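Participant: Residue numbers (our numbering), protein chains in the order written: chain A, 65 to 248; chain B, 164 to 300.
For reference, the structure I am asking about is given below.
Here you go:
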């Protein structure tokens with residue numbers, strides 16, 4: 065006998081799983097379960113890795129990425145670098161259901177979300193601002209993701225410029241340190 | 164990032180992710196999470212999978228797609244997730260990440276690399292409450 069319905073979730077995100085299970089237990093669809101489950105994490109800012117107020121970029125801004133895929137139709141909705149909208153996976157669901165496209169990105173994805181009725185608001189919080197200030201002012205922009213630029217990105221903040229070179233310099237690719245509080 | 168895979172009472176499969184990405188990324192950078200086949204993938208004929216970790220590396224290997232395709236070829240969810248993780252580790256031994264996988268009949272598994280352990284949450288009809296399962300990497 066198949067073990068369905070069922071839901072699995074990465075990391076320790078139990079509240080999201082509980083919500084998804086509630087949807088499934090009531091006879092809801094897998095698509096609804098994934099959207100509503102992940103939305104819990106967006107609201108609760110799971111480990112600072114989901115939703116608003118986490119993982120600021122070099123400018124201190126939080127942007128959101130989300131994907132939802134329907135295994136019945138192979139339809140996909142996705143958003144990337146979504147600015148100033150908190151409900152990323154629900155916007156992705158709107159891309160899936162209200163467009164013939166699969167993937168919208170950046171400022172124009174925000175415009176789509178606003179058109180679909182989502183509220184535009186800052187994703188920065190006091191905590192994310194403090195994180196960025198510490199990284200920028202106390203840690204001199206370390207770590208960062210730049211290579212082959214000047215000033216030396218292992219010591220200084222930007223703005224950076226490409227090092228003009230007459231021969232190819234190979235530099236080791238330093239990977240992102242992944243832990244509970246920093247991951248895609 | 165949260166990655167999630169679900170199968171409903173009708174046997175329909177869905178998968179998804181939501182994330183705010185890597186800390187201190189270069190503005191405009193996008194990781195694996197919103198890329199179909201990388202962050203997550205679903206196919207009613209097989210099941211679904213989701214990935215988490217270093218998105219700059221992981222999106223180059225479409226690990227969720229690979230895990231689903233491995234299950235299509237008869238691998239268990241754990242074996243499928245291991246294959247997807249090992250494919251990346253063969254090229255980037257230092258990468259950090261994990262894959263979870265679920266079949267359309269409700270079997271599940273996970274694999275990870277570069278971190279000591281990786282937890283994932285399961286809820287199905289055999290449990291009164293959710294269970295957190297930890298796999299060693």
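Cβ coordinates follow ideal geometry from the N, Cα and C atoms, glycine included.
Values in this document were obtained by computation on a predicted structure and should not be read as measured data.
The alpha helix (DSSP H) spanning residue 242 (chain B) covers which residue range?
Facilitator: Counting along the chain, the alpha helix (DSSP H) containing residue 242 (chain B) begins and ends at 240-254.
Participant: Take the Cβ of residue 227 (chain A) as the centre, count every other Cβ of all protein chains shown within 10 Å, and call the residue buried at 16 or more, exposed below.
Facilitator: It is exposed - the Cβ of residue 227 (chain A) has fewer than 16 other Cβ atoms within 10 Å.
Participant: Whole angstroms are fine: how far does the CA of residue 216 (chain A) sit from the CA of residue 79 (chain A)?
Facilitator: Spanning the two alpha carbons is a distance of roughly 43 angstroms.
Participant: Would you kindly work out how many angstroms separate the C-alpha atoms of residue 223 (chain A) and residue 175 (chain A), rounded to a whole number?
Facilitator: Cα to Cα, the separation comes out at about 29 angstroms.
Participant: Does the CB of residue 291 (chain B) have a neighbour CB from chain A at under 8 angstroms?
Facilitator: Not one chain A Cβ lies under 8 angstroms of residue 291 (chain B).
Participant: For the alpha helix (DSSP H) that residue 175 (chain A) lies in, which residues bound it at each end?
Facilitator: That run of the alpha helix (DSSP H) goes 170-179.
Participant: In the DSSP assignment, find the beta strand (DSSP E) that holds residue 151 (chain A) and state where it starts and stops.
Facilitator: First-last for residue 151 (chain A): undefined, no H or E at that position.
Participant: Alpha carbons only, please: which of B:193, B:197 and B:206 is nearest the one belonging to residue 232 (chain B)?
Facilitator: Of the listed residues, the one whose Cα sits closest to residue 232 (chain B) is B:206.
Participant: Measuring CA to CA, which of B:179, B:187 and B:228 is closest to residue 199 (chain A)?
Facilitator: Among B:179, B:187 and B:228, the Cα nearest to that of residue 199 (chain A) belongs to B:187.
Participant: With DSSP as the reference, label residue 190 (chain B) as helix, strand or coil.
Facilitator: Residue state, collapsed to three classes: coil.
Participant: Residues of chain A with a CB under 8 angstroms from the CB of residue 282 (chain B): which are they?
Facilitator: In chain order: 75 and 76.
Participant: Classify residue 161 (chain A): buried if its beta carbon has 16 or more other beta carbons within 10 angstroms, exposed otherwise.
Facilitator: Classification for residue 161 (chain A): exposed.
Participant: Based on Cα-Cα distance, which residue from B:272, B:191 and B:267 lies nearest to residue 209 (chain A)?
Facilitator: Ranking the options by Cα distance to residue 209 (chain A), first place goes to B:191.
Participant: Name, going along the chain, the residues of the segment 190-201 of chain B whose beta-carbon falls closer than 8 angstroms to a beta-carbon of chain A.
Facilitator: Residues passing the 8 angstroms Cβ filter: 190, 191, 192, 193, 194, 195, 196, 197, 198 and 199.
Participant: Considering only C-alpha positions, which residue in the set A:211, A:147 and A:194 is nearest to residue 182 (chain A)?
Facilitator: Cα-wise, what sits closest to residue 182 (chain A) is A:147.
Participant: Cα separation between residue 241 (chain A) and residue 189 (chain A)?
Facilitator: C-alpha separation (whole angstroms): 23 angstroms.
Participant: Under 8 angstroms Cβ-Cβ, which residues of chain B neighbour residue 180 (chain A)?
Facilitator: The premise fails here: residue 180 (chain A) is roughly 17 angstroms from chain B at the closest Cβ pair, so nothing lies under 8 angstroms.
Participant: With DSSP collapsed to three states, give me the class of residue 249 (chain A).
Facilitator: The structure shown does not extend to residue 249 (chain A), since chain A is modelled only from 65 to 248, so the question has no answer here.
Participant: Inspect the beta-carbon positions of residue 234 (chain B) and residue 240 (chain B) and report whether they are closer than 8 angstroms.
Facilitator: Yes, the Cβ-Cβ distance between residue 234 (chain B) and residue 240 (chain B) is below 8 angstroms.
Participant: Find the residues of chain B that neighbour residue 95 (chain A), judging by a C-beta separation of less than 7 angstroms, and give them in chain order.
Facilitator: The contacting residues are 177.
Participant: Just mark residue 157 (chain A) as buried or exposed, buried being the case when its beta carbon has 16 or more other beta carbons within 10 Å.
Facilitator: Its Cβ being crowded by 16 or more others within 10 Å, residue 157 (chain A) is buried.
Participant: Bridge partners for residue 299 (chain B) per DSSP, in chain order?
Facilitator: Answer is B:280.
Participant: If the cut is a Cβ gap below 9 angstroms, which residues of chain B does residue 119 (chain A) touch?
Facilitator: In chain order: 182, 183, 184, 185, 186, 187 and 188.
Participant: Report yes if the CB atom of residue 104 (chain A) is closer than 8 angstroms to the CB atom of residue 83 (chain A), and no otherwise.
Facilitator: Contact: yes.
Participant: At which residues does the alpha helix (DSSP H) containing residue 227 (chain A) begin and terminate?
Facilitator: Counting along the chain, residue 227 (chain A) falls outside any alpha helix (DSSP H), and DSSP gives it neither H nor E.
Participant: Between the segment 70-77 of chain A and the segment 168-175 of chain B, do three or more beta carbon pairs fall short of 8 angstroms?
Facilitator: With the cut-off at 8 angstroms, the segment 70-77 of chain A and the segment 168-175 of chain B touch.
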